[in-house]
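Participant: Those sequence lines, one after another, are chains A and B.
Going by the working numbering, the letters in the first sequence line up with residues 1 to 470, in that order.
Going by the working numbering, the letters in the second sequence line up with residues 471 to 879, in that order.
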Amino acid sequence: MTGLASELRTIVGDRAVKERPSELTVFRSDGLPTHEATPHLAVLPSTREQVVAIVQLLHRRGIPFVARGAGTGLSGGALAHEDAVLIVLTRLNRIKRIDPVARRAVVEPGVVNAKLGEAVAAHGLQYAPDPSSQAACTIGGNVAENAGGPHCLKYGTTTNHIVALEVVLPDGSQASFGSPHGEPWGPDLVGLFVGSEGMFGIATEITLRLVPLPRVVRTLLAAFSSIRAASEAVSDIIASGVVPAALEMMDGPCIRAVEESIYASGYPTDAAAVLLVELDGHPEGVAFEEQSVTDTLIRHGATEVRRAETATERERLWQGRKKAFGAMGRVTRDLIVQDAVVPRSSLPDVLDRIGVIAAEAELRVVNVFHAGDGNLHPNICYDRRNPEEVLRVRDASRAIMQACVDAGGSITGEHGVGSDKIGFMEMIFDADTLTAMCDVRRVFDPSGRANPGKVVPIHACREWRAGGVE
Amino acid sequence: MTNPITSRLQEFSASAQVALTPGGLPRIAPHSTETMARVLSLATEEGWSIRLEGRGTWCPPDAPADLVVSTEAMDRVIAVAPPDLVCTVEAGVSLASLTLALGDQGMWLPWDPPGLPDRSIGSIVATGATGALREGFGPLRDQLLGCTVVTGDGRILKPGGIVVKNVAGYDLTRIEAGAFGAFGVLTELNLRLRARPEIDRTHLATGERDDLTRGARDLVEAGIELAALELMSPVLGAHANWILAARILGPRDAVRGQAARLHDTTTLNWVETTEEQARALWVGAAHAALTGPVSIRLGVLIEGLDQTIDLLEERLDTELLSAGAGSGTIRWTGTASEESLLAVRRIAASREIPVTLERAPWDLRRTVGHFGAYREGVGGLVEKLRDVFDPSRVIQVALEGAGDEEPGD
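#1: Since Leu247 of chain A and Val234 of chain A are thought to touch, with beta carbons under 8 Å apart, how far apart are those beta carbons, to the nearest angstrom?
#2: Give me the Cα-Cα distance between Leu376 of chain A and Asn636 of chain B, rounded to the nearest whole angstrom.
#3: Cβ atoms of Ser176 of chain A and Gly606 of chain B: under 8 Å apart, would you say?
#4: Can you tell me which residues form a DSSP beta bridge with Thr799 of chain B?
#5: Taking 8 Å as the CB-CB cut-off, is Val563 of chain B touching chain A?
#6: What residues in the region 339-366 of chain A bring their beta carbon closer than 8 Å to a beta carbon of chain B?
#7: Is it the case that the Cβ atoms of Gly73 of chain A and Gly418 of chain A are separated by a distance below 8 Å?
#8: Using a beta-carbon distance cut-off of less than 9 Å, what residues from the region 428-443 of chain A approach chain B?
#9: Please identify, using Cβ separations under 7 Å, the residues of the region 838-854 of chain B that lie next to chain A, in order along the chain.
#10: Going along the region 731-751 of chain B in order, which residues come within less than 9 Å of chain A, judged by CB to CB distance?
#11: Based on the DSSP output, what are the partners of Asp99 of chain A in its beta bridges?
#12: Using a Cβ-Cβ distance under 8 Å, would Asp612 of chain B count as near chain A?
#13: With distances taken Cα to Cα, identify the nearest neighbour of Val349 of chain A among A:Ser240, A:Ala230, A:Met250 and A:Phe444.
#14: Sorted by chain position, which residues of the same chain lie with C-beta nearer than 7 Å to Arg620 of chain B's C-beta, five sequence neighbours on each side aside?
#15: Scan the region 350-381 of chain A and note each continuous beta strand (DSSP E) run of 3 residues or more that stays entirely inside, going in chain order.
#16: Short of 6 Å in beta carbon distance, which residues of its chain neighbour Tyr263 of chain A, apart from the five on each side in sequence? Order them along the chain.
#17: Between Ile520 of chain B and Gln866 of chain B, what straight-line distance do the alpha-carbon atoms span, to the nearest angstrom?
#18: Whole angstroms are fine: how far does the CA of Ile357 of chain A sit from the CA of Arg364 of chain A?
#19: Strictly under 8 Å for the Cβ-Cβ distance: is Pro131 of chain A near chain B by that measure?
#20: Select from the region 767-780 of chain B all residues with a C-beta closer than 9 Å to any C-beta belonging to chain A, and list them in chain order.
#21: Going straight from the alpha carbon of Val443 of chain A to that of Glu542 of chain B, what length do you get?
#22: So, at 6 Å on beta carbons, what are the nonlocal neighbours of Leu925 of chain B in its own chain, with the 5 sequence-adjacent residues on each side left out?
#23: Leaving out five residues before and five after Val647 of chain B in sequence, what residues of the same chain have Cβ atoms less than 7 Å from its Cβ?
#24: How would you label Gln291 of chain A, buried or exposed, when you count the other beta carbons within 10 angstroms and need 16 or more for buried?
#25: Find out if the Cβ-Cβ distance for the pair Glu678 of chain B, Ser792 of chain B is shorter than 8 Å.
#26: Would you mind telling me which residues of chain B sit closer than 7 Å to Gln174 of chain A, beta carbon to beta carbon, in chain order?
#27: Under the three-state reduction of DSSP, which class applies to Gln174 of chain A: helix, strand or coil?
#28: Which residues in the same chain have their Cβ closer than 6 Å to the Cβ of Leu86 of chain A, if we skip the five residues on either side of it in sequence?
#29: By alpha-carbon positions, which one of A:Leu92, A:Ala361 and A:Arg330 ends up nearest to Gly395 of chain A?
#30: Figure out for me which residue from A:Arg228, A:Thr310 and A:Ile336 has the closest Cα to the Cα of Leu297 of chain A.
#31: To the nearest angstrom, report how far apart Gly71 of chain A and Glu315 of chain A are at their CA atoms.
#32: By DSSP, does Asp879 of chain B sit in helix, in strand, or in coil?
#33: For Gln777 of chain B, is the classification buried or exposed, using 16 other Cβ atoms within 10 angstroms of its Cβ as the cut-off for buried?
#34: Residues of chain A with CB closer than 8 Å to the CB of Pro552 of chain B, please, in chain order.
#35: Going straight from the alpha carbon of Thr412 of chain A to that of Val163 of chain A, what length do you get?
#36: Using the beta-carbon count (16 or more within 10 Å), is Ser196 of chain A buried or exposed?
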């Protein structure tokens, strides 16, 4: 890569190219501590034109690259190895337009999710996807990962909110996908691009759909003496036709970790599980849903149902949920935030199974998750300095994924495949489907230089099997 | 004399029933994904071109081909999971029979596409055709969780899953929605369902188009949650004047509250319909798309609604027209020439408004194309994607127009 840094400096300026080891340390991992890699160098463009010039340069020289936002991902997806350049997009952070009548916003990829939320709230609108990392994560990263969050139960994930993209393809050419109007100009390439984990190119301008802030928001906390009872309540709430804005569950160990931390939210520490239910909409609808949900919670044996009466109380109830991962830092040195999805009706059995897997592996697993859409986050506590324990964590992770797949679920609901889940893809996709994914990737990136080695295990594709590579 | 393709198909599969169309083409309706895969594989091997059909109620069966392949015999509801509000169906299931099967269990699929209730789910997904309910439930791909698709050369792909949240692998399911079969034959679909609402009410306001679009804009700006907010032309709504129809779903008190908000937010004179009137209105609106030979849809946001209807009035007519005021989809049906459709598409494109040809005789589909010219950088990608899903182009579909003066890239 002789002379690459100086060529990049001519595009972005001296201070936007980082190549000293001390400068690259910050890019060595994302939010998942089990995967680390150091890029050859990192470049921080601040305009679309610079991104185009960088990608064209890398294309000419045949150098792989990885696009990265704030690095809050949880799948080791935005890691670049030493043969690759990391393109950090956090300086493309302009909100270019907000159209309150059409309910659209046009943003650059480095705009922080929560900043966009603040900007559109002034117009009585919200950008609904709200990953737990929303204070730091970027919209570009959300697009790459098809990010979710607690309120995706009612409003959908990132893919339901992106209507158009300006994209730089891995050969440096440019393309426009979708339209602000919602109808695409042809096949739905926006839908294909969202969630492609940076392997189809770099989105440099994102047009997204906004929704009105709800007139009324009601937040309930229900305590249960068993996880199974709480899980069954979740299934019944959804089946009744109520679609809460959010329906979150925390198990006993999580509750106690939160209550012993600075994020204490007044959760009942003797409960085996709590459900946080948020309802929003217009007053009559929310009143009806509150009654219906409360009845269901009580019918399933809730030992307490508490309602936030003020905005402050609501914030406090949410604080524990949103800061749960931080609170767990007190009880474990390292934490793997796992991510899988199961049909809601199988939540009780799968949670039991996860408990058994944890016990057999002699690991502590703490559950805090989006129960309403069956999106589990079993968090495995461990110490990365203990290699034997790391092996047990790896085996338990695989066993948990298999349990979720056996129940009819999927290996990831919102964190993406990245480096972490690539070994699990064969649990849910056959060789022909994986091959088609490889082929589609080649449509966008024939030389496979954009975020190489992620998402699809190419050894599992039919052409590799036929060639006897295994 | 027996058609050689018929003989070849019967030789290849004793169970496959091969019939002849009135035009003398061999027609096969496989009963399973595996048989579908074998038929397509054979077609690629033999170099046959295929006209793809669902239940035959939507597009005219006129694409030139060597063989007609229908999904109509794949009409089973495979699984319904009420606690999870999901189901798996074969592509040939009609919307009407699925609605019936789900209704028995207190659920529904919130789709009201143009056409007959007998239309197949596969056809609805392949054409990406939503109706007025798009306002409340989003585009139909939002209810699509996963699928089984057979590629043009007979591979069976199963992207997505049967859970409501899933980011494993690239989202190949989403490009199947609205691809008009260009990316393979859908044989099974995993769908997200809703619980049936307690109350379903439709309110109407009638009057001049300008007054109604102003009222619609007021409702959109006020953030009133509606399942549908549809502007309908007099002919389409079977009324002396334009109609603005608001559909409200939910529990009784909530529906009452929203109805009150219609009055509070606009100066329009809203009248609640009877259930029978509402059914006639919505079924009639869906059926209207079949009463002319050509149907197009345009993506338009609320501020461009009036201007775009003016364009259609000037270049075509506004006899059979409906517009989702909040969702931004205009559907026009009627008789149109190639020149007038291309002119509409060109002018709309200059306003950044996409026009999709939903339904037309083959000659128009071939020359105008379902999508016409693409945006920057898209045409080449679409062609390469077709190489992945139908490398020999056995499936007859005209995505781009042969006669469009504005070339794709």
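Every residue, glycine too, gets a C-beta built ideally from N, C-alpha and C.
Here the structure is a predicted model, which is why all the values come from computation and not from measurement.
Facilitator: Working from what's here:
#1: Taking the first residue of the first sequence as position 1, residue 247 of chain A is located at position 247. Taking the first residue of the first sequence as position 1, residue 234 of chain A is located at position 234. Yes, Leu247 of chain A and Val234 of chain A are in contact; Cβ-Cβ is about 6 Å, under 8 Å.
#2: Taking the first residue of the first sequence as 1, we reach residue 376 of chain A at position 376. Taking the first residue of the second sequence as 1, we reach residue 636 of chain B at position 166. Computed Cα separation, rounded: 11 Å.
#3: In the second sequence, residue 606 of chain B corresponds to position 136, counting from 1. In the first sequence, residue 176 of chain A corresponds to position 176, counting from 1. Pairing Gly606 of chain B with Ser176 of chain A gives a Cβ-Cβ distance that is not under 8 Å.
#4: In the second sequence, counting from the first residue as 1, residue 799 of chain B sits at position 329. Partner residues in the beta bridge of Thr799 of chain B, as assigned by DSSP, are B:Gly769.
#5: Indexing the second sequence from 1 puts residue 563 of chain B at position 93. Val563 of chain B does not count as touching chain A.
#6: Taking 8 Å as the Cβ-Cβ cut-off against chain B, the residues of the region 339-366 of chain A that qualify are Val341, Val342, Pro343, Arg344 and Ser345.
#7: As a working note, residue 73 of chain A is residue 73 in the first sequence. As a working note, residue 418 of chain A is residue 418 in the first sequence. Going by C-beta atoms, Gly73 of chain A is nearer than 8 Å to Gly418 of chain A.
#8: The residues in question are Ile428, Phe429, Asp430, Asp432, Thr433, Leu434, Thr435, Ala436, Met437, Asp439, Val440, Arg441, Arg442 and Val443.
#9: The region 838-854 of chain B vs chain A, Cβ under 7 Å: Phe841, Tyr844, Arg845, Glu846, Gly847, Val848, Leu851, Val852 and Lys854.
#10: Listed by position along the chain: Arg731.
#11: By 1-based counting over the first sequence, the position of residue 99 of chain A is 99. Paired residue(s): A:Arg104.
#12: Against the second sequence, residue 612 of chain B aligns to sequence position 142. The beta-carbon of Asp612 of chain B is placed less than 8 Å from the nearest beta-carbon of chain A.
#13: Residue numbering aside, residue 349 of chain A sits at position 349 when the first sequence is read from its first letter. The question names Val, yet the displayed sequence has Asp at residue 349 of chain A. For the residues A:Ser240, A:Ala230, A:Met250 and A:Phe444, the minimum Cα distance to Asp349 of chain A belongs to A:Ala230.
#14: Along the second sequence, read from residue 1 onward, the residue named residue 620 of chain B stands at position 150. Before going on, a small fix: residue 620 of chain B reads as Val here, not Arg. Excluding sequence neighbours, Val620 of chain B sits near Thr503, Met506, Ala507, Leu510, Ile626, Gly654, Val655 and Thr657.
#15: If one requires a minimum length of 3 residues, the beta strand (DSSP E) runs lying completely within the region 350-381 of chain A are 364-369, in chain order.
#16: Here residue 263 of chain A refers to the residue found at position 263 of the first sequence. Counting only Cβ-Cβ distances below 6 Å, and skipping sequence neighbours, we find Gln319, Gly320, Lys323 and Ala327.
#17: As a first step, residue 520 of chain B is located in the second sequence; it is residue number 50 there, counting from the start. As a first step, residue 866 of chain B is located in the second sequence; it is residue number 396 there, counting from the start. Taking the straight line joining both Cα atoms gives about 6 Å.
#18: Mapped onto the first sequence, residue 364 of chain A falls at position 364. Mapped onto the first sequence, residue 357 of chain A falls at position 357. Their Cα atoms are separated by approximately 10 Å.
#19: Mapped onto the first sequence, residue 131 of chain A falls at position 131. Chain B contact via Cβ: absent.
#20: Going along the region 767-780 of chain B in chain order, one finds Arg767, Leu768, Gly769, Val770, Leu771, Ile772, Glu773 and Gly774 with a Cβ nearer than 9 Å to chain A.
#21: Here the question's residue 443 of chain A lines up with position 443 in the first sequence. Here the question's residue 542 of chain B lines up with position 72 in the second sequence. Approximately 32 Å, taken between the alpha carbons.
#22: Beyond the ends of chain B as shown, which are 471 and 879, falls residue 925 of chain B; an answer cannot be given.
#23: Numbered from its first residue, the second sequence carries residue 647 of chain B at position 177. The question names Val, but residue 647 of chain B is Ala in the sequence shown. Here the set comprises Val595, Gly598, Leu610, Arg611 and Leu614.
#24: Counting from 1 along the first sequence, the entry for residue 291 of chain A is found at position 291. Answer is exposed; the Cβ neighbour count stays below 16.
#25: For the purposes of this step, residue 678 of chain B is identified with residue 208 of the second sequence, where counting begins at 1. For the purposes of this step, residue 792 of chain B is identified with residue 322 of the second sequence, where counting begins at 1. At least 8 Å separates the beta-carbon of Glu678 of chain B from that of Ser792 of chain B.
#26: By one-based count along the first sequence, residue 174 of chain A stands at place 174. Residues of chain B whose Cβ lies closer than 7 Å to the Cβ of Gln174 of chain A are, in chain order, Glu846 and Gly847.
#27: For the purposes of this step, residue 174 of chain A is taken as residue 174 along the first sequence, with counting starting at 1. For Gln174 of chain A, the secondary structure class from DSSP, reduced to helix, strand or coil, is strand.
#28: Here residue 86 of chain A is taken as the residue at index 86 of the first sequence, counted from 1. So the list reads Phe27, Pro39, Ala42, Val66, Arg68 and Ala80, once near-sequence residues are dropped.
#29: Working through the first sequence from its first residue, we reach residue 395 of chain A at position 395. It is Asp, not Gly, that sits at residue 395 of chain A in the sequence shown. For Asp395 of chain A, the closest of A:Leu92, A:Ala361 and A:Arg330 by C-alpha to C-alpha distance is A:Ala361.
#30: Reading the first sequence from its first residue, position 297 is the one you call residue 297 of chain A. Ranking A:Arg228, A:Thr310 and A:Ile336 by Cα distance to Leu297 of chain A puts A:Arg228 first.
#31: Counting from one through the first sequence, the residue named residue 71 of chain A turns up at place 71. Counting from one through the first sequence, the residue named residue 315 of chain A turns up at place 315. Their Cα atoms are separated by approximately 26 Å.
#32: Walking along the second sequence from the start, residue 879 of chain B turns up at place 409. Only weak support exists for where Asp879 of chain B lies, its pLDDT of 36 falling under 50; the value from the coordinates is given anyway. Note: Asp879 of chain B maps to coil in three-state DSSP.
#33: As a first step, residue 777 of chain B is located in the second sequence; it is residue number 307 there, counting from the start. For Gln777 of chain B, the number of other beta carbons within 10 angstroms of its own is below 16, and it is reported as exposed.
#34: Translated into the one-based positions of the second sequence, residue 552 of chain B becomes position 82. Simply Ala239.
#35: Reading the first sequence from its first residue, position 412 is the one you call residue 412 of chain A. Reading the first sequence from its first residue, position 163 is the one you call residue 163 of chain A. Approximately 23 Å, taken between the alpha carbons.
#36: For this step, residue 196 of chain A is matched to residue 196 along the first sequence. When all chains shown are included, Ser196 of chain A counts as buried.
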